[in-house]
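J.:
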Amino acid sequence: MTSVALLGQILDHANRADPYPLYAELRRTPVVRDESGPYLVSTYWEIHSLLRDPRVSSDIRNLAPEAKTGPGTEDPDLPPSFIRLDPPDHDRLRRLIMRTYGPPHSPRRVYGLHGEISGIVSGLIDRFQGRGQIDLVDDFSYPFPVTVICRLLGVPQEDEQRFHGWADTVATAIEPPVGTPEEQEAHWRSIREAHHQLAGYLSGLIEQRRRAPREDMISALATDRGADENPMSLPEMLSNLTLLLIAGHETTVNLITNGMLTLLRHPDTLKQLRTDPDLVIPLVEELLRFEPPVQLLPERTTLDDIEIAGTTIPQGASLWLVPASGNRDPQRFPEPDRFIPDRPDNQHFGFGSGIHNCIGSPLARLEAQTALAELVRRLDNPRLVEDPPPYRHNAALRGPQHLPIAFDGLSR
Amino acid sequence: MAVDGSLERLRREGRIVVVGASLAGLRAAETLREEGFTGTLTMIGDEPYEPYDRPPLSKQVLLGRVPADHTALPRRRAIEAQWRLGVAATGLDLSAKRVALADGTSVEYDRLLIATGVRSRPWPNELEAGLDGVFVLRTRDDATRLRHRLKAGPSRVLVIGAGFTGSEIASVCRERDLPVTVAERGPTPLSGALGSVIGDVAAQLHHQHGVDLRCGVMVTGLEGDGAGRLRRAHFSDGGTVDAEVAVVALGATRNTEWLAGSGLAAGPRGIACDAGCRAFDVRGIVADDVFVAGDVARSPHPLFGYQFLSLEHWGNAVAQAAVAAHNMICRGEERRPHLWTPYFWSAQFGVNIKSVGVPNMADQIIVSQGSLGEHRFTAAYGYQGRVIAAVTFDQAKWLEFHQRQIEQAAPFPPPFTTVDRRAEGMRPVPAGFPDPSVPTHGPQVTVSGHSPTDQRVTFTPA
Numbered sequence: 001m002t003s004v005a006l007l008g009q010i011l012d013h014a015n016r017a018d019p020y021p022l023y024a025e026l027r028r029t030p031v032v033r034d035e036s037g038p039y040l041v042s043t044y045w046e047i048h049s050l051l052r053d054p055r056v057s058s059d060i061r062n063l064a065p066e067a068k069t070g071p072g073t074e075d076p077d078l079p080p081s082f083i084r085l086d087p088p089d090h091d092r093l094r095r096l097i098m099r100t101y102g103p104p105h106s107p108r109r110v111y112g113l114h115g116e117i118s119g120i121v122s123g124l125i126d127r128f129q130g131r132g133q134i135d136l137v138d139d140f141s142y143p144f145p146v147t148v149i150c151r152l153l154g155v156p157q158e159d160e161q162r163f164h165g166w167a168d169t170v171a172t173a174i175e176p177p178v179g180t181p182e183e184q185e186a187h188w189r190s191i192r193e194a195h196h197q198l199a200g201y202l203s204g205l206i207e208q209r210r211r212a213p214r215e216d217m218i219s220a221l222a223t224d225r226g227a228d229e230n231p232m233s234l235p236e237m238l239s240n241l242t243l244l245l246i247a248g249h250e251t252t253v254n255l256i257t258n259g260m261l262t263l264l265r266h267p268d269t270l271k272q273l274r275t276d277p278d279l280v281i282p283l284v285e286e287l288l289r290f291e292p293p294v295q296l297l298p299e300r301t302t303l304d305d306i307e308i309a310g311t312t313i314p315q316g317a318s319l320w321l322v323p324a325s326g327n328r329d330p331q332r333f334p335e336p337d338r339f340i341p342d343r344p345d346n347q348h349f350g351f352g353s354g355i356h357n358c359i360g361s362p363l364a365r366l367e368a369q370t371a372l373a374e375l376v377r378r379l380d381n382p383r384l385v386e387d388p389p390p391y392r393h394n395a396a397l398r399g400p401q402h403l404p405i406a407f408d409g410l411s412r
Numbered sequence: 413m414a415v416d417g418s419l420e421r422l423r424r425e426g427r428i429v430v431v432g433a434s435l436a437g438l439r440a441a442e443t444l445r446e447e448g449f450t451g452t453l454t455m456i457g458d459e460p461y462e463p464y465d466r467p468p469l470s471k472q473v474l475l476g477r478v479p480a481d482h483t484a485l486p487r488r489r490a491i492e493a494q495w496r497l498g499v500a501a502t503g504l505d506l507s508a509k510r511v512a513l514a515d516g517t518s519v520e521y522d523r524l525l526i527a528t529g530v531r532s533r534p535w536p537n538e539l540e541a542g543l544d545g546v547f548v549l550r551t552r553d554d555a556t557r558l559r560h561r562l563k564a565g566p567s568r569v570l571v572i573g574a575g576f577t578g579s580e581i582a583s584v585c586r587e588r589d590l591p592v593t594v595a596e597r598g599p600t601p602l603s604g605a606l607g608s609v610i611g612d613v614a615a616q617l618h619h620q621h622g623v624d625l626r627c628g629v630m631v632t633g634l635e636g637d638g639a640g641r642l643r644r645a646h647f648s649d650g651g652t653v654d655a656e657v658a659v660v661a662l663g664a665t666r667n668t669e670w671l672a673g674s675g676l677a678a679g680p681r682g683i684a685c686d687a688g689c690r691a692f693d694v695r696g697i698v699a700d701d702v703f704v705a706g707d708v709a710r711s712p713h714p715l716f717g718y719q720f721l722s723l724e725h726w727g728n729a730v731a732q733a734a735v736a737a738h739n740m741i742c743r744g745e746e747r748r749p750h751l752w753t754p755y756f757w758s759a760q761f762g763v764n765i766k767s768v769g770v771p772n773m774a775d776q777i778i779v780s781q782g783s784l785g786e787h788r789f790t791a792a793y794g795y796q797g798r799v800i801a802a803v804t805f806d807q808a809k810w811l812e813f814h815q816r817q818i819e820q821a822a823p824f825p826p827p828f829t830t831v832d833r834r835a836e837g838m839r840p841v842p843a844g845f846p847d848p849s850v851p852t853h854g855p856q857v858t859v860s861g862h863s864p865t866d867q868r869v870t871f872t873p874a
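Below, the structure written as structure tokens:
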């Protein structure tokens with residue numbers, strides 16, 4: 001079989017603003033080996049089936065050596081978080097987290113944050129008062145989700161600033177390294193340092209909540225006896241809490257920023273949303289299809305030969321799924337390159353699919369719905385200052401580095 | 413073109429009658445309108461209620477979380493039908509194209525859809541079935557009555573039959589903290605549907621949750637007190653149990669009696685139809701204007717050797733109704749086959765059980781992921797070297813993979829390496845289905861005597 005050289009182009013920052021033509025090229029061969037090694041899968045039904053294929057492993061320890069994308073976001077002194085594990089370990093940790101986070105044991109955890117999320121959104125927008133231009137990323141999209149995560153976990157408000165600092169540093173590990181070897185080493189040192197400080201802080205908080213539980217998720221995790229299975233150990237709690245922090249941090253930023261960017265590029269839809277705020281519910285789904293924050297799912301490995309779409313992916317291969325491409329597959333979505341805010345039957349890959357389906361999705365939906373509806377309601381005559389905006393380096397977690405927006409005033 | 417012209421007329425101003433106003437009937441009606449049928453649509457149902465959903469009846473409704481009258485099926489679109497509710501169809505005249513109704517009227521059709529479903533099999537002894545405290549569970553009214561009785565806190569509930577419905581009822585009783593005895597003729601609960609290997613896991617769930625499970629026994633009699641209230645049940649092993657409530661969960665009977673003498677191939681196993689949902693007449697010839705969908709249908713499935721399958725599955729009713737409705741108003745070459753892969757789910761003792769394919773055709777089973785002992789697993793069923801079904805306990809996310817395996821006639825046992833494969837899943841074992849020549853469900857009944865007056869029906873334990 002032939003191999004392609006598309007991955008390099010996809011990872012090339014020059015193509016970050018519009019990777020979609022590259023995905024379209026990729027889809028001409030649903031399953032293909034990139035010359036750099038990994039197998040790329042770009043079409044909807046093939047991605048769908050591989051996300052449900054028990055022969056595909058997400059366990060970091062099964063990864064082919066050449067597939068590693070960098071030191072990664074995880075603290076090397078802690079066990080892998082559940083996203084990098086396979087069943088049964090994955091299932092046990094995910095169940096334990098879900099017991100404290102979602103139905104049936106904690107059905108109101110996310111919904112209960114409704115009022116607080118609205119308050120955080122209003123507070124951040126209030127700070128735009130007197131300005132004619134903002135950077136949506138720095139002024140809104142970045143501070144917003146980490147504040148929400150703090151409330152969800154139960155980080156006291158007086159610690160939030162420190163927490164934001166560690167979170168930002170740890171999250172930079174997602175970006176591929178740049179600069180001289182010395183600069184890179186300094187970069188990793190600062191990340192390791194932030195990991196240790198964060199872990200130390202969280203251990204203290206867990207211990208405190210174990211003694212005096214409150215109504216937050218750390219208390220619930222710290223005191224959960226895990227029904228009929230072993231409760232989480234402290235190291236497990238630390239690595240999984242760090243995961244929740246990073247995942248909630250890095251993806252919602254892009255969802256909201258991509259959302260405003262898309263709305264500003266579609267002024268009719270923006271106007272429509274202003275008069276019909278309920279439109280935000282299907283609109284966020286279409287956004288997750290059209291401009292998903294998670295574009296690539298690298299770091300999966302085949303445990304056996306898998307024959308799919310006429311190709312056999314050999315055992316031990318590194319597998320990169322391209323959900324952002326599947327989301328634009330004309331075999332699945334009519335007019336896939338059009339943004340249709342009330343698109344019917346919108347089964348996108350915005351939150352992945354299968355056993356690793358994003359557990360943060362209810363929170364991310366609520367955050368994006370609240371933020372976009374409120375931004376659109378309150379910003380008078382918002383407009384893009386530059387299009388396309390500058391993009392962040394990361395190709396997998398794709399989004400603008402900055403999004404300057406000019407506006408005429410602020411509604412109450 | 414004459415044929416096309418008449419089809420156009422049918423779509424525009426034809427008369428379509430749907431007998432059966434439940435899930436399949438409703439979904440068919442919606443599809444007819446969706447696909448542009450603008451003629452007269454008549455919906456006939458023997459219950460007085462608009463179409464409602466049945467899966468919640470044995471779960472949320474009995475638990476008291478949802479009232480039985482809050483289970484109406486959501487409407488996907490307006491169907492602008494003439495509703496004839498609370499009146500059963502009593503006969504069919506194929507040549508006059510007319511359905512007779514219990515109120516003496518009749519309705520003429522150009523195309524007919526039969527979706528009359530099934531009803532629960534009653535306790536065979538009529539006197540005992542009439543005792544106060546003896547229930548079945550199929551309809552909204554059944555659920556309301558049983559729920560009231562469970563709410564009153566009976567001293568003990570007896571569930572007769574540990575199939576899916578029986579097991580769900582037992583689970584609800586334990587969740588309501590009611591003492592419950594389950595009597596099952598087979599070696600384990602669910603053994604008829606899933607085999608005794610999985611049935612053993614189900615039995616562990618019963619035991620863990622405090623159910624008094626009695627397998628390998630039949631209930632031979634229900635005894636009332638002087639006031640006609642259920643007091644005690646007698647078992648084939650000589651044992652007894654005192655219970656105020658008994659729920660008869662011995663499966664279902666297809667509602668085909670009203671078709672007796674109509675000339676359709678309709679009997680206790682359902683109405684035979686082709687894969688395009690057109691009914692067969694007794695000669696095995698397709699009746700062009702009569703279609704069948706849902707629990708009452710028996711249609712050949714190419715994936716399973718063209719065997720005629722009758723499925724009491726929610727998803728089957730939905731899928732088959734859509735195919736039937738589409739085919740009713742289409743030309744031959746536009747018609748579609750009903751190729752739905754059998755699929756169903758159950759919720760009991762806090763476990764989510766899902767199955768795909770036709771497990772009870774299997775001879776072997778292998779635990780492909782997880783572990784039976786942990787009660788979380790995926791198991792694949794094999795028949796003559798190919799995968800024909802799979803079941804998951806709290807692992808439903810792998811089911812779709814197995815569905816593809818079944819659809820691709822993949823080899824059994826699965827030869828590949830997967831995540832979470834355990835030592836116990838390395839070798840297939842017999843699935844433990846009962847010998848198909850021996851009936852497992854339903855009581856044995858014999859008839860004795862010669863003249864109609866001294867003929868006797870006798871209930872015979874195994």
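These protein sequence lines map, in sequence, to chains A and B. Heads up: the first sequence begins at 1 in the working numbering, then just goes up one per residue. Heads up: the second sequence begins at 413 in the working numbering, then just goes up one per residue. Every residue, glycine too, gets a C-beta built ideally from N, C-alpha and C. For clarity, every value in this text was computed on a predicted model and none was experimentally measured.
Find the residues of chain E that neighbour residue 355 of chain A, judging by a C-beta separation of less than 7 angstroms, and give them in chain order.
T.: Judged by its chain identifiers, the structure shown contains no chain E, and its protein chains are A and B.
J.: For residue 237 of chain A, does the three-state DSSP call read helix, strand or coil?
T.: Helix at residue 237 of chain A.
J.: Identify every residue that forms a DSSP beta bridge with residue 495 of chain B.
T.: Answer is B/455.
J.: Three or more beta-carbon pairs under 8 angstroms between the stretch 660-677 of chain B and the stretch 515-530 of chain B, yes or no?
T.: With a cut-off of 8 angstroms, the stretch 515-530 of chain B and the stretch 660-677 of chain B count as touching, because enough Cβ pairs lie within range.
J.: Does any residue of chain B have a CB that is nearer than 7 angstroms to the CB of residue 277 of chain A?
T.: Residue 277 of chain A does not count as touching chain B.
J.: How do the stretch 432-444 of chain B and the stretch 462-476 of chain B stand: do at least 3 beta-carbon pairs fall below 8 angstroms, yes or no?
T.: Short answer: they touch.
J.: Looking at the structure shown, is residue 727 of chain B part of a helix, part of a strand, or coil, going by DSSP?
T.: Three-state DSSP puts residue 727 of chain B in a helix.
J.: Could you tell me whether the Cβ atoms of residue 224 of chain A and residue 99 of chain A are closer together than 7 angstroms?
T.: Result yes, Cβ atoms of residue 224 of chain A and residue 99 of chain A sit closer than 7 angstroms.
J.: For the putative contact between residue 34 of chain A and residue 57 of chain A, defined by C-beta atoms under 8 angstroms, what is the C-beta separation to the nearest angstrom?
T.: Not really, about 19 angstroms apart at Cβ, beyond 8 angstroms.
J.: Output, in chain order, the set of chain A residues within a Cβ distance shorter than 8 angstroms of residue 829 of chain B.
T.: Those within 8 angstroms of residue 829 of chain B in chain A are 55, 303, 304 and 315.
J.: Going by the CB atoms, is the gap between residue 826 of chain B and residue 767 of chain B shorter than 7 angstroms?
T.: No.
J.: Grouping DSSP H, G and I as helix and E and B as strand, with all else coil, what is residue 646 of chain B?
T.: Strand.
J.: Beta-carbon separation of residue 793 of chain B and residue 771 of chain B under 7 angstroms?
T.: Yes; because the gap between Cβ atoms is below 7 angstroms, this pair is in contact.
J.: Between which two residues does the beta strand (DSSP E) holding residue 742 of chain B run?
T.: Run containing residue 742 of chain B: none; DSSP gives neither H nor E here.
J.: Does the Cβ-Cβ distance between residue 167 of chain A and residue 249 of chain A come in under 7 angstroms?
T.: Their beta carbons are under 7 angstroms apart, which means residue 167 of chain A touches residue 249 of chain A by this criterion.
J.: Evaluate contact between the stretch 79-86 of chain A and the stretch 309-322 of chain A, counting only Cβ atoms and requiring at least three cross-stretch pairs below 8 angstroms.
T.: Result no; under three Cβ-Cβ pairs closer than 8 angstroms.
J.: Under the rule that 16 or more other beta-carbon atoms within 10 Å means buried, what is residue 233 of chain A, buried or exposed?
T.: Exposed is the call here.
J.: Could you give the distance in angstroms between the alpha-carbon of residue 645 of chain B and the alpha-carbon of residue 60 of chain A?
T.: So the alpha carbons of these two residues sit roughly 58 angstroms apart.
J.: Can residue 567 of chain B and residue 601 of chain B be called in contact, C-beta distance under 7 angstroms?
T.: No; because the gap between Cβ atoms is not below 7 angstroms, this pair is not in contact.
J.: Taking the C-alpha atoms as reference points, what is the distance between residue 655 of chain B and residue 846 of chain B?
T.: Cα to Cα, residue 655 of chain B sits roughly 29 angstroms from residue 846 of chain B.
J.: Which stretch, first to last residue, makes up the beta strand (DSSP E) that contains residue 163 of chain A?
T.: Looking at the DSSP string, residue 163 of chain A is not in any beta strand (DSSP E); the run it does join, the alpha helix (DSSP H), is 160-171.
J.: Please state whether the Cβ-Cβ distance between residue 125 of chain A and residue 395 of chain A is less than 7 angstroms.
T.: The answer is no: Cβ separation not under 7 angstroms.
J.: Roughly how many angstroms lie between the CA atoms of residue 152 of chain A and residue 247 of chain A, to the nearest whole one?
T.: Approximately 14 angstroms between the Cα atoms of the pair.
J.: For residue 757 of chain B, which beta-bridge partners are listed by DSSP?
T.: Paired residue(s): B/766.
J.: Which one or two residues does DSSP pair with residue 503 of chain B in a beta bridge?
T.: In DSSP, residue 503 of chain B forms a bridge with B/512.
J.: Quick check: the Cα distance between residue 74 of chain A and residue 242 of chain A, rounded to an integer number of angstroms?
T.: Each residue's alpha carbon lies about 8 angstroms from the other.
J.: I think residue 7 of chain A touches residue 40 of chain A, with their Cβ atoms under 8 angstroms apart; what is that distance to the nearest whole Å?
T.: Residue 7 of chain A to residue 40 of chain A, Cβ: 6 angstroms. Contact.
J.: Report yes or no: is there a C-beta of chain B within less than 7 angstroms of the C-beta of residue 389 of chain A?
T.: Not one chain B Cβ lies under 7 angstroms of residue 389 of chain A.
J.: From the DSSP secondary-structure annotation, give me the bridge partner or partners of residue 133 of chain A.
T.: A/406.
J.: Residues of chain A with CB under 8 angstroms from residue 472 of chain B, in chain order?
T.: Neighbours of residue 472 of chain B on chain A: none; closest Cβ ~12 angstroms, over 8 angstroms.
J.: In chain order, what residues of the same chain lie with their CB nearer than 8 angstroms to the CB of residue 848 of chain B, ignoring the 5 residues before and after it?
T.: Excluding positions up to five away in sequence, the list is empty.
J.: Give a yes or no on whether the minimum CB-CB distance between residue 323 of chain A and chain B is below 7 angstroms.
T.: With 7 angstroms as the cut-off, residue 323 of chain A does not count as an interface residue toward chain B.
J.: So, for residue 541 of chain B: in the same chain, excluding its five sequence neighbours on each side, which residues have a beta-carbon less than 7 angstroms away from its beta-carbon?
T.: Closer than 7 angstroms at Cβ, skipping near neighbours: 534 and 535.
J.: Just checking, does the stretch 335-348 of chain A make contact with the stretch 276-283 of chain A on the three C-beta pairs under 8 angstroms criterion?
T.: Yes: the two stretches touch, three or more of their Cβ pairs being nearer than 8 angstroms.
J.: Residue 145 of chain A: buried (16+ other C-beta within 10 angstroms of its C-beta) or exposed?
T.: That one is buried.
J.: Considering only C-alpha positions, which residue in the set B/422, B/648 and B/787 is nearest to residue 609 of chain B?
T.: It is B/787.
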